[in-house]
Each structure stands twice: as C-alpha cells, then as structure tokens.
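To keep things clear, I will list the structure first and then write my remarks on it.
Protein chains: 2
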Amino acid sequence: MAADKAALLIENNNVVGASGFTKAGDSKSVLPAFAKRAATEDVAITLITGASLGYTTDADLAENNALLRRMPFMADPALRKSINDYRLKYIDQHLSETVEQLICGHIAPVDVAIIEASLIDENGNIIPTTSIGNSAFFASQAKKIIIEINTKIPLSFKGIHDCSVPNSYPDREVINIQNPTDRIGKPFIEIDPEKVIAVVYTDITDQPAVIAEPDVKTTAISNHLLNFFENEVKKGKLTYSLLPLQAGIGKVANSVLMGFKNSNFKNLTMYSEVLQDSTFELIDSGNLDFASGSSITVSEDCYDRLINNFDDYKDKLILRPQNISNAPEVVRRLGIIGINTAIEFDIYGNVNSTHISGSKMMNGIGGSGDFARNAYLSIFVCQSASKENNISHVVPMVTHHDHTEHDVDILVTDQGLADLRGLAPRERAEVIIENCVHPDFKAEIRDYFQRACNQTGGQTPHILEEAFKFHNRLKQTGSMQNKKTLA
Amino acid sequence: MAADKAALLIENNNVVGASGFTKAGDSKSVLPAFAKRAATEDVAITLITGASLGYTTDADLAENNALLRRMPFMADPALRKSINDYRLKYIDQHLSETVEQLICGHIAPVDVAIIEASLIDENGNIIPTTSIGNSAFFASQAKKIIIEINTKIPLSFKGIHDCSVPNSYPDREVINIQNPTDRIGKPFIEIDPEKVIAVVYTDITDQPAVIAEPDVKTTAISNHLLNFFENEVKKGKLTYSLLPLQAGIGKVANSVLMGFKNSNFKNLTMYSEVLQDSTFELIDSGNLDFASGSSITVSEDCYDRLINNFDDYKDKLILRPQNISNAPEVVRRLGIIGINTAIEFDIYGNVNSTHISGSKMMNGIGGSGDFARNAYLSIFVCQSASKENNISHVVPMVTHHDHTEHDVDILVTDQGLADLRGLAPRERAEVIIENCVHPDFKAEIRDYFQRACNQTGGQTPHILEEAFKFHNRLKQTGSMQNKKTLA
Chain A
3 MAADKAALLI
13 ENNNVVGASG
23 FTKAGDSKSV
33 LPAFAKRAAT
43 EDVAITLITG
53 ASLGYTTDAD
63 LAENNALLRR
73 MPFMADPALR
83 KSINDYRLKY
93 IDQHLSETVE
103 QLICGHIAPV
113 DVAIIEASLI
123 DENGNIIPTT
133 SIGNSAFFAS
143 QAKKIIIEIN
153 TKIPLSFKGI
163 HDCSVPNSYP
173 DREVINIQNP
183 TDRIGKPFIE
193 IDPEKVIAVV
203 YTDITDQPAV
213 IAEPDVKTTA
223 ISNHLLNFFE
233 NEVKKGKLTY
243 SLLPLQAGIG
253 KVANSVLMGF
263 KNSNFKNLTM
273 YSEVLQDSTF
283 ELIDSGNLDF
293 ASGSSITVSE
303 DCYDRLINNF
313 DDYKDKLILR
323 PQNISNAPEV
333 VRRLGIIGIN
343 TAIEFDIYGN
353 VNSTHISGSK
363 MMNGIGGSGD
373 FARNAYLSIF
383 VCQSASKENN
393 ISHVVPMVTH
403 HDHTEHDVDI
413 LVTDQGLADL
423 RGLAPRERAE
433 VIIENCVHPD
443 FKAEIRDYFQ
453 RACNQTGGQT
463 PHILEEAFKF
473 HNRLKQTGSM
483 QNKKTLA
Chain B
3 MAADKAALLI
13 ENNNVVGASG
23 FTKAGDSKSV
33 LPAFAKRAAT
43 EDVAITLITG
53 ASLGYTTDAD
63 LAENNALLRR
73 MPFMADPALR
83 KSINDYRLKY
93 IDQHLSETVE
103 QLICGHIAPV
113 DVAIIEASLI
123 DENGNIIPTT
133 SIGNSAFFAS
143 QAKKIIIEIN
153 TKIPLSFKGI
163 HDCSVPNSYP
173 DREVINIQNP
183 TDRIGKPFIE
193 IDPEKVIAVV
203 YTDITDQPAV
213 IAEPDVKTTA
223 ISNHLLNFFE
233 NEVKKGKLTY
243 SLLPLQAGIG
253 KVANSVLMGF
263 KNSNFKNLTM
273 YSEVLQDSTF
283 ELIDSGNLDF
293 ASGSSITVSE
303 DCYDRLINNF
313 DDYKDKLILR
323 PQNISNAPEV
333 VRRLGIIGIN
343 TAIEFDIYGN
353 VNSTHISGSK
363 MMNGIGGSGD
373 FARNAYLSIF
383 VCQSASKENN
393 ISHVVPMVTH
403 HDHTEHDVDI
413 LVTDQGLADL
423 RGLAPRERAE
433 VIIENCVHPD
443 FKAEIRDYFQ
453 RACNQTGGQT
463 PHILEEAFKF
473 HNRLKQTGSM
483 QNKKTLA
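Chains A and B are the protein sequences, given in the same order. Just so you know, we're using my numbering here: the first sequence kicks off at 3 and counts up by one. Just so you know, we're using my numbering here: the second sequence kicks off at 3 and counts up by one.
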C-alpha cells in the first residue's frame, strides 16, 4: 500500500505505537505521511515510540499539530519547542517502564502499531531492523498493525533480535538473563496476521548519527574515567574486562567509550540501550567481545561498514526490547557500569538530565534512570562549564532532579573525577567542588557550601534563598559568572 | 560472656554490622555496652544495621561519640541531632542497596557482626529473631561474630526465616521469587563457628512500637485510597485481592492498612519490609492470607498475641533479608502496590521523604525508593497541612528530592487523591492542587502555578526565585501561611 493510503487508516485520537529508537528502525513513510495529512486535516494522535525518531518526523508531526500526547522520549528541537510551548502533552518516562504502564493499563492501550521490518517470514512474523524498542509489545497489544518493509536492510539481519513480550500481572516471569549473550526470546516479533491492515515498502536508510570527534574536554573526561578504571583494577576490585558497560547516547559517552580503544581493557562486553559508532570501533579494535542493546544508531560510515560486513558482527550482537535491555532486574544482576550524560549536577551529587533552568525540557530522561538506580557503578559525565564559561554545569542545587544523591556513584567533568561512594553529603560536596567545578566558579561554590554549613547546618546544608542563584543570574545577565567579582 | 566483656572485643575504627530493623531483632546488650564503654574511652565505630535500633541504643552511641559513620537508616531523635550537628557522618541508602555496596567493595567491609539469635542450632547456625535485615550478609563477610541469644523469643520462631547471601559479581543469581510465599534460602543464617568470638545471653523483648489510633486525617487518607482501589476493581484493572501490598512504617501507612479490615478486599497478600500491627489485625480479620517482610515491629499487645499464638501465624509469615524483601527485581515482578509516607510533595509530584527545609535530616529514605521505582503502583501519602495549618505538605517545589516525578503514581492527603498516571507535568499540577492541597494554601499555590505557566512556561513551569517561598516564609515567620493575605 502507498504510505499516504496507510496513513489514512490511522484514526483521529488513536494511540499509535511506532517502532524507532534514537533514530534507528523508525517509521520512514507512514508517520511522515500522517504528518502531511495533519497539515490539512484536523487529526491528532497519541504517539508512543521506543525513543526518538529520525529525520524530521517528530518535528513535522509537532509542527502540524498531529500530536496530542508524546512519550516516552524526545530530542528533536522542533518537538522540544512545541512541548515547551505546551502545544502537546509530553510524558517523560524511564525507557524500561513504557511497556509496564501499558501492561498495567495505567495509560491507554495502543490502537495501531507501525513497525519497520526487514522481512516478514513464512509464518507472517516480523523481523525488525536496526532497533526493537517497544515494537514487540506494541504488536501484541494493538488491534491493527501497519508494517513498513525497509528493503535497504539486508536479510542477514535475521537472527540478531531477541524478542519477547512480558505476561500481565500476576503472572510476570523471571527475565532469565545472566550474561549479555543470553537469549530469552525469539528472533522475530510474533504477530497475528489478521491484525495487519497495511504493508508499505520503503528503501530509506536510518538517518545517520552525527558523531562529533573527541575534543579537549571529552578526551579529558575519558582520561579521568580510564584512570579511575585502571585504579579499580589495581585495587583488585575489577579485572581488565570490567563488568558489562552501558553508555548513554551522545558525544561525551561515545568519546568515553572510544577511549577504551588504546587501553589495557580487553574482552569488554556491553549491555546497553543504544549501540553507537564506538561499539563497532571497539569490536574492530578487538577490545569488545559482545554488545547487547535495543538499537544501532551510527554514522553513515559505520552504517555502511556494518551493512557490508554484517557477517563479521552478527555473532557479537543482540538487539532486545527496551524493557529487557533496560530491565532493572538484569542491570543489577549483571552489575552494569552505567555511563550517562548530565545537563548539570549539584554539590551533593543530584543530577538533572532533562531540564534547562528547571522549567524547559531539553530532552527526555531516557534509560539513564533504569541504569543509574541499579548499576554496579552509576557514573554521570558532563563538561564543567560551557558557552565561553558563562554556564557552570556544577551548581549549588540542580533545578530539576532526575537522579538523586542515592543513585550517583561517580561524577566526571573535564576538570576531574569525584568518587562519591560511601561518602556523606558534606564529604561529597568537598570532593565535587575540589575535583569537578570549573575554576571560574570554584570560589563562589565553595563559599556557598561553607556558608550553608555555618548558617544552616544539617545533613545536606543549603541556603534556600541562594540555592538557584547561578540560574537566576543567568536569566538576568546571560551568564552564571559573578561579573561584579570579576570586575 | 557478659555484654561488657563482649563490647571490649570491638576495636576502635571497626566496621560493625549489627542486626536490627525498625527496632526489631536488634542488639540489646553488646551495642549498649559499647556505648557505655565509649562514655569513658576514646573509641568509635562505623555502624551498619538493617534499619533503626530500639530503645536508646542509637541515641547512646551518638551522644557518647561512639559513631564515626552510620548507615543505612536513622529515625532516633538524639541520633538525628548528632547527624544534623555533623558530629558523625550519616549515609542515607536505599535499604536494598547496603549489601550491594558491601559486595562491590564500594564501602569498607564489615569487621565484626553482632547478631541477635533465638537459637544456635546443632550445626552452629543462627536462627534469627524478629528481623533479618542485613544479618545474613554481615555474618558471611565479618571476620568476627558476636551472637546475642535472646531467650524471650520462642524456639518456634525457627522456620519463618528465609536466609540467603548473594554471590559476588559476575556470578550474581536470579532471585527466583514469583509469589510472596516463595522460599529461596534456608531457615537459618549459616555461619563459620570459628568466627564466633562471643555468645551473650539477653532476655529483653523488642522495644514495642507506639501505634497511634487512626484519627480524622489518617482515616480520610485511608478512605480516599480504599475508594480508589474499589474503583480500580470496578474498572476491571484489579481484583479484590489486589496485588501484593507494601506499606512503609508509621502511623499513616499503618492506618491505611487498617482500613482494609472492614472492606471488600479479601485474600490480600503483603510483600513488604516491616510488618506492623495492621498485618496481624488483617490476618486475624481474615482479609490477609500471607505476609512477607524483613521485620516484625509491633505494639506490646500485638507482640504478646503473636508470641503466645505463634502457631496460628507461622505458616502465614516469611522474614527475608532486606536485599530480598526490597529487591527491585522482585518488586517489579510481583507488581507491588507500594504505600509510603512523604514529608512533603510538590505540584509536579516530586517527593521529599527525608529532609526538613532542604538541609536537616528527619529520617532516612528507607525502602521507599526500592518500592516506588519498581512498583505496579507507587503511592505516597501525607497530611495536607500540620502544626495548626502553619505548614503545608504540598509545596511549589520540594526542598529535597528523594523520589522524582517519574516514580510517583498516586498522591493522597486528607483532602483527596491525585491520580497522576499518564499525565504530563502541567496536568499533574492541576490535579494535585485541586485534590490534595489544604484550603488555606490552595489559592497561593494555584497562583504560583498559573504565574509560572505564564511567565516561564516550559514542560515543568517554575519561578525559581519563588519556588521555596513557603519554606523561606516558614523560616522568617514560623508559618508557611501568608499572614498579610489573611489579615
């Protein structure tokens, strides 16, 4: 069926569950066609995906007012603007939990599933493409299924997926993964062929990821972290194969992983959500033995290398549903080392992953909480300062809390690393201020902390009237820097 | 051995792992003797327990400067004062995670374990008493073990415990519990008899819990919640046996559970941490079939009833280590309905469980995070206002974040219930303000929210300069009420 015809099968107010996880394996024709339809017709849907979509799909949907609700993740600039203007309702979820909420009936069930496939097998089952996300569950819950067969994906992709759908309560089962290589499901998404209302063909590759080359700051962060791991090995706490790694999406986390390439670390494994260029570089360099994730989101070069040499990688990869790749149970059991990016963190180790100055959404929390809460080591990285050092990413108090002091072990900026394990809040503040804060802000943050200890005291000393002074100054002057002091 | 002699075996700077969980099964002679020793001698320890201790043990230790560090929980007023005066370092932990941090070597290992026992069996193994807490792990890690045999505990207690110790990474195992009644361990704590350096006898019962009778507010909270559950049953989302219940410690949670007594809810089960009076009342009333926990913390009356009729209760109870009773994996698999108490929550659903005005520790986070993050339903309860309505427990922004908006489904005060499932932040604010805020504060909170939407906008509108205005006013005037407006 033509995509624009398939898009007509989506009804106003439908809940649509679509494939797509960080631009990988998303709907490349039907959702864009629905966005087009919404430009001239008064139709809108609740859209649930794995994570972000590629190209301008999220932007086109948002700008044509085609979205009533969007979950569980966002990263697109135009969608961001619509969300912050409250033109649609965005619900930010831990990525492992969307399926939980659908199973429990906490959110309205999926009416229509749109799933990108590399193939429909002889029994009518779907072989997914470069991501699984929530597709397996969407297909099981939806009354109607639209399949997009992407002919660009080689048929040899069959076999890298491990698909399953959890039972409903009270009959939930053990997720019996004890090693990143373990399989618990089937290499396809089982569907009821009766539900399929359209099959659409596409030949569009995933939107390539833009991979920033490591720079001075990301290299510094990577080096601090590698030194830390070296020391853990020296202390006998870890071996050179560490424990399974998880890395959040983006430049910093990718750069940190790249750092393992010329290192002593061998036989590494990953149990992560997004597999980026660094994963394949580390497989090529012989440092990484195996990678489990929910999507493959890579640059054009890496994509071509992967597709053209797929047999070299196939037995080193598994893609899983995100409720499995991010399952708290598996994260704790495997002892994941989770490396995620913060927007800002505060002197006591609380992390803001999502909001700018407390109110505006930047991007969703993603899987960071799934990993940080249950990881063997919960690591957050960010630059110490940005915008010509007008913004400090270490602040007295974060303006939005996504990860609390209870869930953060290690903080790293280009300035250094703070190892918070076993420390009380005031000790954490000392080590964070000493090791992580940019020199331009160090004196003022230290002064805040010392006055908070003296004036207020307590377990977690704060001066509430001043806790957001960096953010308020930024709003007033365009800089968190205290120009008076500088002048 | 006499307790004061056993207390001499604890060395200065030792890490002591002691039994005791919310006043149940704690050391009643050796730790008090160590506190006495510290009154005249310069000795101090790191003390790790299950949770809080009974009688004045925590107070005596703190006041005699016998504590260097204390984890993972606190609730004693004198200990609280010492912590807020920073005379010792308190590390507030999710109760499931203390053992994790010890296994990983993130915190220094236990040197000496002090464990209350009802019996040492013929193989030298310990039968615990009214709690397990972290005792099984402490006994496996410690080089030295001191056993307190409490002769007040009937020998028939043997059999209610299910003890196990997790493997170290990378060999962690599945926690194979699929029903609150499932057992995965042994009815005793296995120990190496070579490690036992002292056996001390006591005949002191646990300090009784003070159970407040339900009052107007707690009854209102209970009724709101029962109505909610009734509606969930009517909608077909739950049956009258619900899903396994967890209830935090304290008056409100206990009162909520009491509400089930004269209700339509039958064949209930609990998978909780502390079993309070309400558990046994619900067993007696025939509403509750089975209860799993880590401790039994009850009033004097209930304690006597339990001890004197233990055979009536024995097959309806299991006590587990807290890393199992609170295991994220089990909480999500069983689909726990978690009911915990908040100190305050904010208009977007963030919860403060631990701090007063952002700085002073009130009591530890306990297991609330273990349950809230992974529960089928994460419910927080508190009164809408207190101290003659000078304090509102719903505020524009909480001053300390223990549970983020991502982990909170239902909020209940005496005013009403806010069902936040599937709502975007601004929708959550509407329903929280409408349903949960005390009338004295409603207009001002609504005004804050509306101005935040208009002036700042965004996903989670806040006016950072005013976000803590209730708390700042409380500090300045002794009341969160806007007296000017009232006058």
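Virtual Cβ for every residue (Gly too), placed ideally from N, Cα, C.
For secondary structure counted as the beta strand (DSSP E) over 3 or more consecutive residues, the region 399 to 443 of chain B holds these complete runs in sequence order: 412 to 415 and 418 to 421.
Shortest Cα-Cα distance from A/Q478 to any of A/P172, A/N392, A/K154 and A/T458 involves A/N392.
Between A/S380 and A/D404, the C-beta gap is not smaller than 8 angstroms, which leaves the two residues out of contact. For A/R335, the chain B residues whose Cβ falls inside 8 angstroms of its Cβ are R174, E175, V176 and E331, in order along the chain. Pairing B/K318 with B/A293 gives a Cβ-Cβ distance under 8 angstroms. Using a Cβ-Cβ cut-off of 7 angstroms, A/Y378 is close to C106 and Y171 of chain B, given in chain order. A straight-line Cα-Cα distance of about 27 angstroms links B/D184 and A/Y378. Under the three-state reduction of DSSP, A/C455 is assigned to helix.
When DSSP states are grouped into helix, strand and coil, A/C165 belongs to the strand group. Against B/A426, the close residues of chain A are R71, K91, Y92 and I93, in the order they occur along the chain (beta-carbon pairs closer than 8 angstroms).
With respect to the 8 angstroms criterion, A/V112 and A/A138 are not classified as neighbours on the basis of their beta carbons. Closer than 8 angstroms to the CB of A/Q452 there is not a single CB belonging to chain B.
B/N352 has its alpha-carbon roughly 11 angstroms from the corresponding atom of A/T406. Distance from the CA of A/F382 to the CA of B/A9, rounded to the nearest whole angstrom, comes to 42 angstroms.
If you look at B/I320, you'll find it isn't in any alpha helix (DSSP H); it sits in the beta strand (DSSP E) that goes L319 to L321. For the set A/R475, A/E175 and A/R428, the Cα lying nearest the Cα of A/H464 is the one of A/R428. Taken residue by residue, none of the region 306 to 324 of chain B has a beta-carbon sitting less than 8 angstroms from a beta-carbon on chain A. The region 260 to 267 of chain A and the region 336 to 354 of chain A do not touch, with fewer than three beta-carbon pairs separated by less than 8 angstroms. Going by DSSP, A/N342 is part of the beta strand (DSSP E) stretching over I339 to T343.
By the Cβ criterion, the region 39 to 49 of chain B is in contact with the region 7 to 24 of chain B, since at least three pairs of Cβ atoms, one from each stretch, lie closer than 8 angstroms. Of the residues assessed, A/N136 falls on the buried side of the cut-off, its CB having 16 or more other CB atoms within 10 angstroms. Distances from the alpha-carbon of A/N325 to those of A/V101, A/G56, A/T42 and A/D78 put A/V101 closest.
A contact is defined here as three or more CB-CB pairs under 8 angstroms, and the region 224 to 239 of chain A fails this definition with respect to the region 300 to 316 of chain A. The Cβ of A/Q461 sits closer than 8 angstroms to at least one Cβ of chain B. Rounded to whole angstroms, the gap between the alpha carbons of B/F282 and B/E302 is 13 angstroms. C-alpha of A/I206 to C-alpha of A/T59: approximately 13 angstroms in a straight line.
From the beta-carbon of B/S359, the residues of chain A found nearer than 9 angstroms are T458, G460, H464 and L466. Identification of residues in the region 426 to 450 of chain B having a C-beta nearer than 7 angstroms to some C-beta of chain A yields A426, R428 and E429, given in sequence order. The beta carbon of A/Y273 does not come within 8 angstroms of any beta carbon belonging to chain B, so the residue lies off that interface.
Annotated as distal: B/R448 and B/D409, with beta-carbon spacing of 8 angstroms or more. For B/D217, the secondary structure class from DSSP, reduced to helix, strand or coil, is coil. Taking CB atoms only, A/N233 has no neighbour in chain B less than 8 angstroms away.
Interface flag for A/I339 against chain B is unset, since no Cβ pair is found closer than 8 angstroms. Cβ contact annotation for B/Y350 (same chain, cutoff 7 angstroms, sequence separation greater than five): E407, P427, R430, A431 and T462, in chain order. Taking a C-beta distance under 8 angstroms as the contact criterion, B/S359 and B/T401 qualify as a contact pair. Here DSSP, grouped into helix, strand and coil, assigns B/E124 to coil.
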